[in-house]
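The next block holds one structure in the form of structure tokens; read it before the comments.
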Amino acid sequence: MKTATKFNDLINQIREIFFAPSKIFYLIFSCFLSRGHILIEDVPGVGKTTLAKIIANSMDLKFKRIQGTPDLLPTDITGLTIYNPKTMEFDFKPGPVFTNILLIDEINRIPPKSQSALLEVMEERQATVDGKTYVLPNPFFVIATENPIEMAGSYPLVEAQLDRFLMKISIGYPNRTELKKITELYVWKNGEYNVDFKIKLDDIVVAFEEVKKVYIDDKVKDYCLDIFEYIHGDGRVYLPPSPRSLLHVMRTSSAYAYLNNRDYVIPDDVKDVLPSVLAHRIILKTSSDFRDNLHFVEEVLKKVSVPK
Numbered sequence: 053m054k055t056a057t058k059f060n061d062l063i064n065q066i067r068e069i070f071f072a073p074s075k076i077f078y079l080i081f082s083c084f085l086s087r088g089h090i091l092i093e094d095v096p097g098v099g100k101t102t103l104a105k106i107i108a109n110s111m112d113l114k115f116k117r118i119q120g121t122p123d124l125l126p127t128d129i130t131g132l133t134i135y136n137p138k139t140m141e142f143d144f145k146p147g148p149v150f151t152n153i154l155l156i157d158e159i160n161r162i163p164p165k166s167q168s169a170l171l172e173v174m175e176e177r178q179a180t181v182d183g184k185t186y187v188l189p190n191p192f193f194v195i196a197t198e199n200p201i202e203m204a205g206s207y208p209l210v211e212a213q214l215d216r217f218l219m220k221i222s223i224g225y226p227n228r229t230e231l232k233k234i235t236e237l238y239v240w241k242n243g244e245y246n247v248d249f250k251i252k253l254d255d256i257v258v259a260f261e262e263v264k265k266v267y268i269d270d271k272v273k274d275y276c277l278d279i280f281e282y283i284h285g286d287g288r289v290y291l292p293p294s295p296r297s298l299l300h301v302m303r304t305s306s307a308y309a310y311l312n313n314r315d316y317v318i319p320d321d322v323k324d325v326l327p328s329v330l331a332h333r334i335i336l337k338t339s340s341d342f343r344d345n346l347h348f349v350e351e352v353l354k355k356v357s358v359p360k
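Laid out in structure tokens, this is it:
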């Protein structure tokens, strides 16, 4: 569990330069240690891109960025083959997805055809260009940001694309104290958000294996099943979460417990990660009295009995 302590030290450093609830950072690194991808949705100006850059710079891994624009082509994402007249052969020019950490800024400004190029990349961790498949580096972690779909010039992600994201989170608006700290540090500072300590690749590999050893008691598993059964039986739900979603909850709960220096999962771990894992995978009926999925999931957590 020594490696978990290093992640905690890193989170404490990040909190000194980015002011948000500590849970946000635990969720992001839980997603990373679960080998998933994360989507950060919020209004412009709250620091989505800044947070993504900080997370990317906090690990000693290769980092690249894609800026979402309406004219972005699939080859701008995966790469393309170019004819080389000297060798009389086609050479492959890798796209930005060939990295360890990929920031996709404003993903919902990318047109649907180009969004679809990310499906194989995120799920299979490989890219197929002109009939040839290329394996991506390991680890591969996507941090995507998006503005709410009501914002002008945005394309809502389809269900298949949303499902590629293990978690979907929102940073939220900073409180008065946090706003004051922001004004003290960043009035004239732009683009410099580095931490002194970085997690090395060797430590990341160790952490990946240690997370798998976190124990999940049958009572906690039954608690997860109770939640899923409740959602499936709720008449307000049009599309309930899939069995794969249940596995996602188990994995992220294990990673969350690990980051909290425990080798076992407790119900509170499940309650902390579940809204970010499930809310974007549920479709409610139009007649539902909930304004969004997150509030529905939070209500479910209040009604399902917690094991003792």
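So the sequence shown is numbered by this note's numbering: it starts at 53 and just counts up by one.
Ideal placement from N, C-alpha and C gives every residue a C-beta, glycine not left out.
Report the residue from Lys-138, Ile-76, Arg-288, Gly-183 whose alpha carbon sits nearest the alpha carbon of Lys-337. It is Arg-288 whose Cα lies nearest to the Cα of Lys-337.
Would a check of beta-carbon distances place Ile-153 closer than 8 angstroms to chain D? Protein chain content of the structure displayed is limited to a single chain, and chain D is not contained in it.
Since Lys-54 is in the alpha helix (DSSP H), which residue starts that stretch and which ends it? 54-67
Residues that DSSP places opposite Phe-193 in a beta bridge: Assignment of beta-bridge partners to Phe-193 by DSSP yields Ile-153.
Selection from Arg-296, Glu-176, Asp-320, Glu-351 that minimises the alpha carbon distance to Lys-360: Asp-320
Look up Asn-199 in the DSSP assignment and say whether it is helix, strand or coil. coil
What is the C-beta distance between Met-219 and Ile-90, in whole angstroms, given that I count them as a contact (C-beta under 8 angstroms)? Contact holds; Cβ gap of about 5 angstroms.
Three-way DSSP call (helix, strand, coil) for Glu-48 in this model: Examination of residue 48 is not possible in this model, given that the chain is present from 53 through 360 alone.
Terminal residues of the beta strand (DSSP E) in which Phe-414 lies: The question about residue 414 has no answer, for the chain in this structure spans 53 to 360.
Beta-carbon proximity of Ile-153 to Ile-195, cut-off 8 angstroms: yes
Tell me the start and end of each unbroken beta strand (DSSP E) in the stretch 284-335 that is at least 3 residues and wholly inside, in chain order. Within the stretch 284-335, complete beta strand (DSSP E) segments of at least 3 residues are found at 289-291, given in chain order.
Can the beta-carbon of Asp-157 be found less than 8 angstroms from the beta-carbon of Thr-101? yes
Compare the C-alpha of Tyr-267 against each of Leu-237, Tyr-207, Arg-314 and name the closest. Cα-wise, what sits closest to Tyr-267 is Arg-314.
Which runs of the alpha helix (DSSP H) fall wholly inside the stretch 122-146 and span at least 4 residues, in chain order? Whole alpha helix (DSSP H) segments, 4+ residues: 126-130.
Give the secondary structure of Thr-101 by DSSP, where H, G and I count as helix, E and B as strand, and everything else as coil. helix
Provide the residue span of the beta strand (DSSP E) that contains Met-174, from first to last. Taken as a continuous stretch (DSSP letters only), Met-174 belongs to no beta strand (DSSP E), being part of the alpha helix (DSSP H) at 169-176.
Let me know the secondary structure DSSP gives Arg-117 once reduced to three states. strand
Rounded to whole angstroms, what's the CA-CA distance from Val-322 to Leu-85? Just pull it up for me. 16 angstroms
Are the Cβ atoms of Ala-161 and Thr-133 separated by less than 8 angstroms? The question names Ala, but residue 161 in the sequence shown is Arg. Not a contact, by the Cβ cut-off of 8 angstroms.
Glu-350 versus Pro-200: straight-line alpha-carbon distance, rounded: 20 angstroms
In or out: His-300 buried (at least 16 other Cβ within 10 Å) or exposed? buried
Simplified DSSP state of Thr-338, which is helix, strand or coil: Three-state result, Thr-338: coil.
Check whether the Cβ atoms of Pro-148 and Arg-177 lie closer than 8 angstroms to each other. no
Would you report the Cα separation of Pro-96 and Asp-270, rounded to the nearest angstrom? 42 angstroms
Run the CB neighbour count on Ile-335, radius 10 Å, all protein chains shown included, and call it buried at 16 or more, exposed below. exposed
Roughly how many angstroms lie between the CA atoms of Tyr-186 and Thr-130, to the nearest whole one? Across the structure, Tyr-186 and Thr-130 are spaced so that their CA atoms are roughly 10 angstroms apart.
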